[in-house]
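Novice: Have a look at this one.
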Amino acid sequence: MKIVPISLPTPFYIGPVNVYLIAEDPITLIDTGPKTKEALEALRDGLRRARLRPADIRRIVLTHAHEDHCGLTKQLRDEAKDAEVLVHGWETGHRAGRLQYEENRALLGRAGVPAAEIEGMRKMYEGVRAYADALEEDEHGEIRDGQELEFAAGSLRVVHTPGHTPGSCSFFREADRTVIAGDCVLKRVTPNPVLSPHPLDPARRFPSLAEYLVSLARLRSFAPTLVHGGHGDAVSDFEELFNRYLRAIRERQSAVVSLVPASGASAWEVSREMFPDATDVHRFLAVSESAAHLDLAHSEGKLKVELSDGREIYRKP
Ligand SMILES: [Zn+2]
Ligand SMILES: [Zn+2]
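Shown next as structure tokens:
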């Protein structure tokens, strides 16, 4: 069973995205790329090198539902005459075009983001959204942790690895301990724990960083020999990367905690201190990251939080 990476261009800051072809019955594509002509062309080329066409795809599995990973899904599904589409049930945000504006707006407000900034973020997201077609409820099925995706020879195990998003999944091939990890593992950058509503209680923020640490430890327990990420080269030394991630997260956490003044601060205020030069989408990612670190510090007893005028204010205990 061979895993073939195909690199596709994206219009996003992160650069090209990797999708993965498993050219074995049933022919399966893991992630699909953004909905652009260039990405579709590059995907066709990649499939052609394996003597395949989009119409040959029987199964599409998504690591998560960010536009750079899922954008072409509907188009490919139609071209492949109703290929099966699978995604984790917690990946609700973008999957079916339910953008959870209201939930996100409420969470951003609680994080102290001013109303005008929230409006700007919403407008910006409208632009990003154009790079993916929404899937209807009856156009996809769900994968769950521990499920085996069967192939003619061998299988891939679904490993739910929440953190970057609540429904992020990785795929583990036991035979050679290879993992396809989507944006859970990236060679050059520490993945952003994107601010999301909790799938089980949308009024709450998903504890993305705490969940992410568990996901990393789970992947580590497989002692992977090779990890294919959503962007950049594959990782052959996961142990080294795991330790680097942990160090980076601990350092960032200390920095975030030290930025909380005696008078208290919201996640938004901390993010503006931490990333004063951030503009447009980076302001959203900055507040995401600050909130994730504040949540983790709070859960570890390093900060306390109280609600003041509808905003969460963090203070040192
Ligand atoms: Zn992503
Ligand atoms: Zn990505």
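Following the working numbering from start to finish, the sequence shown increments by one per residue and tops out at 318.
Positions of the beta carbon are idealized from the N, C-alpha and C atoms, including for glycine.
Quick caveat, the model's predicted, so the values are computed rather than measured.
Can you check whether the CB of GLY183 is closer than 8 Å to the CB of HIS283?
Specialist: Result no, Cβ atoms of HIS283 and GLY183 do not sit closer than 8 Å.
Novice: Taking the alpha-carbon positions, what's the GLU143 to LEU73 distance?
Specialist: Approximately 18 Å between the Cα atoms of the pair.
Novice: Counting Cβ pairs, one atom from each stretch, are 3 or more of them under 8 Å apart for the region 151–169 and the region 190–202?
Specialist: Taking 8 Å as the limit for Cβ pairs, the verdict is that the region 190–202 does touch the region 151–169.
Novice: Quick check on the burial criterion: 16 or more other C-beta atoms within 10 angstroms. Buried or exposed for ASP134?
Specialist: Buried: at least 16 other Cβ atoms inside 10 Å.
Novice: Given a cut-off of 8 Å on the beta-carbon distance, is the pair PHE152 and GLU25 in contact?
Specialist: For PHE152 and GLU25, yes; Cβs fall inside 8 Å.
Novice: Ligand 1 heavy atoms versus the CB of ASP32: any closer than 7 Å?
Specialist: Not so, every heavy atom of ligand 1 lies at least 7 Å from the Cβ.
Novice: Within the same chain, show all residues whose beta-carbon is closer than 8 Å to that of PRO12, passing over the 5 residues directly before and after it, in chain order.
Specialist: Same-chain partners within the cutoff: PRO35, THR37 and TYR132.
Novice: HIS232 to PHE239, Cα distance in whole Å?
Specialist: Computed Cα separation, rounded: 15 Å.
Novice: To the nearest angstrom, report how far apart LEU9 and LEU295 are at their CA atoms.
Specialist: LEU9 and LEU295: Cα-Cα distance of roughly 35 Å.
Novice: Counting Cβ pairs closer than 8 Å, one from the region 69–84 and one from the region 50–60, do we hit at least three?
Specialist: Enough Cβ pairs lie closer than 8 Å, so yes.
Novice: Report all residues for which the CB-ligand distance to some heavy atom of ligand 4 is below 5 Å; order them along the chain.
Specialist: Because ligand 4 does not appear in the structure shown, any question about it cannot be addressed here, the ligands present being ligand 1 and ligand 2.
Novice: Which two residues bound the contiguous alpha helix (DSSP H) that contains LYS317?
Specialist: LYS317 -> no alpha helix (DSSP H), and no H or E assigned at all.
Novice: Tell me the residue span of the alpha helix (DSSP H) that contains ARG50.
Specialist: From DSSP, the alpha helix (DSSP H) with ARG50 extends over 38–50.
Novice: Take LEU297 and list the residues in its own chain whose beta-carbon comes closer than 7 Å to its own, dropping the five residues that flank it on each side.
Specialist: These residues qualify, in order along the chain: LEU210, ALA211 and GLN254.
Novice: Have a look at LYS285 and ILE4 and give me their C-alpha separation to the nearest angstrom.
Specialist: Looking at the sequence shown, residue 285 is not Lys but Phe. Computed Cα separation, rounded: 34 Å.
Novice: Enumerate in chain order the residues of its own chain whose CB-to-CB distance from ALA279 is below 6 Å, with the five nearest sequence positions on each side excluded.
Specialist: The residues are ALA287.
Novice: Compute the beta-carbon to beta-carbon distance between SER245 and VAL160, rounded to the nearest angstrom, for a pair I have assumed lies under 8 Å.
Specialist: The sequence given here places Arg at residue 245; Ser does not occur at that position. Contact flag wrong, Cβ pair sits at about 21 Å.
Novice: Cα separation between ARG130 and PRO277?
Specialist: Cα to Cα, the separation comes out at about 26 Å.
Novice: Residues in the same chain with beta-carbon distance under 8 Å from VAL306, minus the five sequence neighbours each way, listed in chain order, please.
Specialist: Around VAL306: LEU295, HIS299, GLU313, ILE314, TYR315 and ARG316.
Novice: What ranges does the alpha helix (DSSP H) occupy inside the region 56–102, keeping only unbroken runs of at least 4 residues that lie completely in it?
Specialist: Qualifying alpha helix (DSSP H) stretches, in chain order: 68–71 and 74–80.
Novice: Let me confirm a value: GLY16 is counted as buried when at least 16 other C-beta atoms fall within 10 Å, else exposed. Which label applies?
Specialist: Classification for GLY16: exposed.
Novice: I want to check one thing, is the minimum distance from the CB of HIS65 to the heavy atoms of ligand 1 below 7 Å?
Specialist: Because some heavy atom of ligand 1 lies under 7 Å away, the Cβ of HIS65 counts as near it: yes.
Novice: From what residue to what residue does the beta strand (DSSP E) around ILE181 run?
Specialist: 179–183 is the span of the beta strand (DSSP E), which, as asked, contains ILE181.
Novice: Within a Cβ cutoff of 6 Å, which residues of the same chain sit near LEU157, ignoring the five residues on either side of it in sequence?
Specialist: These residues qualify, in order along the chain: LEU150, PHE172 and ARG174.
Novice: So, is ARG99 buried or exposed, given that buried needs 16 or more other C-beta atoms within 10 angstroms?
Specialist: Low per-residue confidence applies at ARG99: pLDDT is 48, beneath 50, and the placement is therefore not dependable, though the value from the model is reported in the following sentence. Exposed, since its Cβ has fewer than 16 Cβ neighbours within 10 Å.
Novice: In the DSSP assignment, find the unbroken alpha helix (DSSP H) run with ILE250 in it and report its ends.
Specialist: ILE250 -> alpha helix (DSSP H) spans 239–259.
Novice: Would DSSP call LEU187 helix, strand or coil?
Specialist: Coil, per DSSP.
Novice: With H, G and I counted as helix, E and B as strand and the rest as coil, what does DSSP make of GLU25?
Specialist: Coil at GLU25, not helix or strand.
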